[in-house]
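This report concerns only the one structure given below.
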Amino acid sequence: MLETNYEEMIVILKEKGEVEIPLTDCDMQFYIEDTLESLDLKYQKLIPPVRRGSVKKMIIKIEY
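My numbering puts the first residue of the sequence shown at 5, with every later residue one more than the last.
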């Protein structure tokens with residue numbers, strides 16, 4: 005069931021070119037990175053600047 009959620013994130017990433025994931029979900033991060041590397045796609049991991057409190061999301065963006 006969790007892998008289905010990860011696959012949905014890959015679909016969103018391909019459609020929009022970027023996706024936000026929780027910084028605490030390492031499994032999702034590794035799954036997305038492994039999938040993008042297996043598809044031979046280049047990507048960036050971005051952490052938005054802190055505005056209030058702690059950073060809770062990371063953005064993974066496909067480089068075109």
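Glycine included, each C-beta is placed from N, C-alpha and C at the ideal position.
query, result
"C-beta contact flag for MET62 and LEU27 at 8 Å", "yes"
"Where GLU67 sits in the DSSP three-state scheme", "coil"
"Residue closest to LYS18, alpha-carbon to alpha-carbon, out of ILE36, ASP29 and MET32", "ILE36"
"Own chain, CB closer than 6 Å to TYR10, minus 5 neighbours either side, in chain order", "MET32 and TYR35"
"The beta strand (DSSP E) enclosing ILE25, as first and last residue numbers", "22 to 26"
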